[in-house]
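Reviewing the structure listed below.
2 protein chains.
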Amino acid sequence: MLSSAARSIASLKSRCAYAPYLSKVCKPEDTVKFFKDGMNVGWSGFTPVGDAKVVPIALSEYVEKNHLQGKLRFNLFCGGSTGSKNEDRWAKNNMISRRYPYQSGKNHRKLINKGISLMADKHISMFPQDLFYGFYTKSRGGGLDIAIIEATEILEDGSLVLGASVGSTTEISQIADKIIIELNTAIPSFKGCHDIVYGCKPPYKPLNITSPGSRIGEISIKIDPSKVIAVVESNLSFPGLPIAGPDATATAIAGHIVDFFQNEVKQGRLPENLYPLQSGVGNIANAVLHGLNNSPFNNLAVYTEVLQDAMLPMLDTGKLTFASASALTLAQYDKLYQNFDFYKDKFILRPQAITNAPEVVRRLGVIGMNTPVEVDMYGHANSTHINGTQMINGIGGSNDFERNGYLSIMHCPSARKTKKDPTGISCILPMCTHIDQTEHDLDVIVTEQGLADLRGLAPVERARLMIEKAAHPSYKDQLREYLNMAIKETQSKGAGHEPQILEKVFKMHENLATKGTMHLDSW
Amino acid sequence: MLSSAARSIASLKSRCAYAPYLSKVCKPEDTVKFFKDGMNVGWSGFTPVGDAKVVPIALSEYVEKNHLQGKLRFNLFCGGSTGSKNEDRWAKNNMISRRYPYQSGKNHRKLINKGISLMADKHISMFPQDLFYGFYTKSRGGGLDIAIIEATEILEDGSLVLGASVGSTTEISQIADKIIIELNTAIPSFKGCHDIVYGCKPPYKPLNITSPGSRIGEISIKIDPSKVIAVVESNLSFPGLPIAGPDATATAIAGHIVDFFQNEVKQGRLPENLYPLQSGVGNIANAVLHGLNNSPFNNLAVYTEVLQDAMLPMLDTGKLTFASASALTLAQYDKLYQNFDFYKDKFILRPQAITNAPEVVRRLGVIGMNTPVEVDMYGHANSTHINGTQMINGIGGSNDFERNGYLSIMHCPSARKTKKDPTGISCILPMCTHIDQTEHDLDVIVTEQGLADLRGLAPVERARLMIEKAAHPSYKDQLREYLNMAIKETQSKGAGHEPQILEKVFKMHENLATKGTMHLDSW
């Protein structure tokens, strides 16, 4: 009878063309011994796919079984969000002392906002560079202790073919002292789908990407085989996150954006097939894609960080000709895998340092579209912190695209409901409580009420247009009153380029906290 | 006897190798007829050199003589600041209805903060692109009515050799319907000093700059000769702005930065000759350069927007090997012009779209160093608005470098004086009243008190370090008290990733307004 290890080797052999690794094959629980409290650990994965799974889960089981909650904690580095069954279970077990540069887990978010787990969010394009430069792990002279990398195939030279994402996996593999490979046999090999570019110190070469389909790198990640301490089989494929269909608000926003694009084409400021699109995740982003799929635009291209469900039908019809991303983030992977040969030629997966590189975003003229928490009258946006203090997920790649794109668009509902008031939260405010995108970055703000094209306008003009076009009708008078009051008070003193009254500037937020609505009795 | 025009032609001939322009030679006052109220006018120039002079002055004289103040107003587009004798005289005569993307005039600043003159500041790298794309002048379908360009020589093909700056002159020349050339014979021809790259629609080619000295463009700006409506001689050369010598605060800041660099080299995070330096303008920036000139570092290079006085002695000694900039902004130009052949090979002047291009800044690993108005504990900075409402000059290029550099450093005094209190304004605050650089951009904050290296730290860790290292001693307890209060209040509610108490967050600013100091009696 075959031993367990031998059985594992048999099933792995078809995906592993580098024989020396076969001697490293072991079970996930055998890797627990490599991990010590306080280690710096890197995971493959991005938003949340291609992430390390069976080894993190084995570690959670070990902690739970031995009641080691809070006693085996790691500094966790992973390019984007991961799954609830791996990272958020670590959080539940208080196994994460630090996390960079993003997270999306319910338990993890709680720990972060209680100050138990430390986190810092960073531009998605910058994180892998700063990690590679040694900035995050200065106290150990840079680098990581262990990387856990999910691969879908291992090539003859021991290099790794990743799965449905790249994220920061390249840089994490480069700087880790030791590597554990999770070879995933439950999903197809993604050989040929990636464009791997390595981290390097400045000055680096120009990134010679001149269209979304340009290829500048390799198809697998070359690693030093002597770093590999274990190879485990994984047959886990987490289900995708369900996406709600577009509601009336999202559909109205999408309509305004399509109209805007049509006018820009008419005015000669956009070509007929637009410029490459970037689209954040979520309900509104999906509605915008649906809107574009039903629009007269053709031969569209995508240069984004996440390829989403709504893009598949656009690839089917040829409306979308090509997509460059760092991850395939789908609600259902069945359709992709069943038609893998069809889709394979229509997308490419790159490191997040490349998908989000200011250099490429700007050169290609990418149109950035993302959803903030709140925006202010003058065109600043808060994408991360409720009331300026409570972290949601992190800035992600939004400002890579908004800061550098040809057109920088942000979209959100004009108001959100509270328990007390169906429009208790205005998303258009005097001042944002936290600023992630500045007035110097953004061009266009869209809500279901309308589209405010802020290009070329001075602050007071922007504020008037924002109130007129984007604010919820129930807040228009209130915001106008504030603006007029602020203009009067500051310009009379010769101090009113961007009029604000500091003692009133967060009054709407304070009213929400005490009375459950931003609708004020008076200013 | 020669006519005035003939005399002018005689003196211009040595600088103008394109004969057809000689028929366009006229006096500055003869150009007044080309200007109508409401026109969109572009000027050459940047920070403040190479700017249009004799034509704007002739227009001012015309307005003053004919009492047309407020009746002949223009939308003025110029890449950076200009001089007090041209732009600020326009402002004094109420001749500027709009200004993008920066200004530095005393009269102009007043008008802007009274709401009489409209302005919007924009990242220096983005402004010429958005102007070229037609975003600023959408209502006329893009473009400009007239460009006034200062040149130091005209070549055989009618192309223009600029002077001591490039700024946005390339794009302004490209999109203007008509061009007036001010041929400046008072300063040397800068032929060979420029690297001209033209504005274009996406996708554009990679900017193949791989070291500060890389040359990718042409030495002169090609224009359509049929656009040229006048050529006037200029022999004006405005004196440079005097720079105060480094005081104790600036010297202390410079010392901290040099120490930091030495440690980064030791740790292997910087090469021995550092990476190319960018340095903002002003007293502190000059002190930092002086500090580097007296440091053990050698073979330094500069990739910046403004080449400053303190760099000349560094070029003399070879401490600095090469400087790339968009302008030579000196207090005294005599030394430069007297040794022009020596300096000519050691610098290159490029369009601001190139000097400040995120693509190049990031590739070269530029070290960005700029001075904000105020910073907050969490690492956001305000570079533009006093009290969040009063415009100083504009964001300039600070965030092109801070957002994209290898190391993003901001430096300021820990406190400034008020009439009532020698340290009445703390530059380290709970929250900035306006945010131009975000926590996601900045790595290091330095004051004369010390250097806070924020890399890899979570928000609360950053705040503690900022208070410990950078705050003025007289504010440390006050800031600590706020931080501890904010942590307690927000983390107990599970909302304290970046603890803030909105109703107290600007209390120090409010105290300053009412009591003349940020030193509080109590929170």
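Protein chains in written order, with the numbering used here: chain X, -5 to 517; chain V, -5 to 517. Note that the Cβ used here is the ideal one computed from N, Cα and C, for glycine as well. Source: prediction; values computed, not measured.
Residues near residue i in its chain [Cβ-Cβ closer than 6 Å; skip 5 each side]
i: ALA279 of chain V; result: SER273
i: PHE254 of chain X; result: LEU445
i: LEU401 of chain X; result: ILE361 and ASP437
i: LEU138 of chain X; result: ASN34, GLY36, ILE169 and ALA170
i: HIS229 of chain X; result: Note that residue 229 of chain X corresponds to Asn in the displayed sequence, not to His. So the list reads THR179 and ALA180, once near-sequence residues are dropped.
i: ARG456 of chain X; result: TYR372, GLY373 and LEU448
i: PHE40 of chain X; result: GLY73, GLY74, SER159, GLY161, SER320 and ALA321
i: GLU492 of chain X; result: TYR372 and PRO453
i: LYS185 of chain X; result: GLU147 and VAL155
C-beta neighbour in chain X for residue i, strict 7 Å
i: ASN257 of chain V; result: no
i: ALA489 of chain V; result: yes
i: ARG209 of chain V; result: no
i: PHE68 of chain V; result: no
i: ALA386 of chain V; result: The question names Ala, but residue 386 of chain V is Ile in the sequence shown. Not one chain X Cβ lies under 7 Å of ILE386 of chain V.
i: TYR269 of chain V; result: yes
i: GLY161 of chain V; result: no
i: GLN494 of chain V; result: yes
i: ALA452 of chain V; result: yes
i: ILE389 of chain V; result: yes
i: ASN333 of chain V; result: no
Distance CB(residue i)-CB(residue j) smaller than 7 Å
i: LEU294 of chain X; j: LEU314 of chain X; result: yes
i: HIS188 of chain X; j: LEU343 of chain X; result: yes
i: GLY490 of chain X; j: GLY109 of chain V; result: yes
i: ASP115 of chain X; j: TYR96 of chain X; result: yes
i: GLY418 of chain V; j: THR511 of chain V; result: yes
i: ASP394 of chain V; j: HIS102 of chain V; result: no
i: VAL19 of chain X; j: VAL160 of chain X; result: no
i: MET363 of chain V; j: ILE389 of chain V; result: no
i: PRO453 of chain V; j: VAL499 of chain V; result: no
i: PRO197 of chain V; j: GLU165 of chain V; result: no
i: ASN107 of chain V; j: ARG92 of chain V; result: no
Cβ-Cβ separation, residue j to residue i (assumed contact under 8 Å), whole Å
i: VAL275 of chain X; j: GLU266 of chain X; result: Actually they are not in contact, since the Cβ atoms of VAL275 of chain X and GLU266 of chain X sit about 27 Å apart, beyond 8 Å.
i: ILE173 of chain V; j: LYS104 of chain V; result: About 31 Å separates the two Cβ atoms, so there is no contact after all.
i: VAL43 of chain X; j: ILE203 of chain X; result: Actually they are not in contact, since the Cβ atoms of VAL43 of chain X and ILE203 of chain X sit about 23 Å apart, beyond 8 Å.
i: THR383 of chain V; j: GLN494 of chain X; result: 5 Å
i: HIS428 of chain V; j: THR378 of chain V; result: 6 Å
i: ALA347 of chain V; j: GLY193 of chain V; result: 7 Å
i: ALA325 of chain V; j: GLY239 of chain V; result: With 8 Å as the limit, ALA325 of chain V and GLY239 of chain V do not qualify as a contact, their Cβ atoms being about 11 Å apart.
i: CYS406 of chain X; j: THR432 of chain X; result: With a Cβ gap of about 17 Å, CYS406 of chain X and THR432 of chain X do not count as contacting.
CB contact below 7 Å: residue i versus chain V
i: GLY399 of chain X; result: no
i: MET(-5) of chain X; result: With a pLDDT of only 49 at MET(-5) of chain X, under the threshold of 50, the placement of this residue in the model should not be trusted, and no figure is reported.
i: LEU235 of chain X; result: no
i: ILE169 of chain X; result: no
i: GLU266 of chain X; result: no
Residue i: CB within 6 Å of a non-hydrogen atom of the ligand FMN
i: VAL252 of chain V; result: In the structure on display, the ligand FMN does not appear, and there are no ligands present to speak of.
Other residues of its chain near residue i: CB distance less than 8 Å, five sequence neighbours each side excluded
i: PRO14 of chain V; result: GLY152 and PRO219
Beta-bridge pairing of residue i - partner residues as DSSP gives them
i: HIS188 of chain V; result: V:LEU343
i: ILE174 of chain V; result: V:ILE142 and V:ALA224
i: SER420 of chain V; result: V:ALA409
i: MET371 of chain X; result: Paired residues: none, contrary to the question.
i: ILE380 of chain X; result: X:GLN384
i: GLU212 of chain V; result: V:ILE190
i: SER91 of chain V; result: DSSP lists no partner for SER91 of chain V.
i: TRP37 of chain X; result: X:ILE142
i: ASN404 of chain X; result: In the sequence as displayed, the identity of residue 404 of chain X is Met instead of Asn. Looking at the DSSP assignment, MET404 of chain X forms a beta bridge with X:ASN364 and X:ILE439.
7 Å Cβ shell around residue i - same chain, five flanking residues per side excluded
i: ILE210 of chain X; result: ASP189, VAL191, LEU201, ASN202 and ILE203
i: VAL26 of chain X; result: ALA52, LEU53 and TYR56
i: PRO307 of chain X; result: ASN287
i: MET460 of chain X; result: MET371, ILE422, ILE439 and ALA446
i: GLU227 of chain V; result: SER2, SER5, LEU6, LEU177 and THR179
i: ARG356 of chain V; result: ASN398
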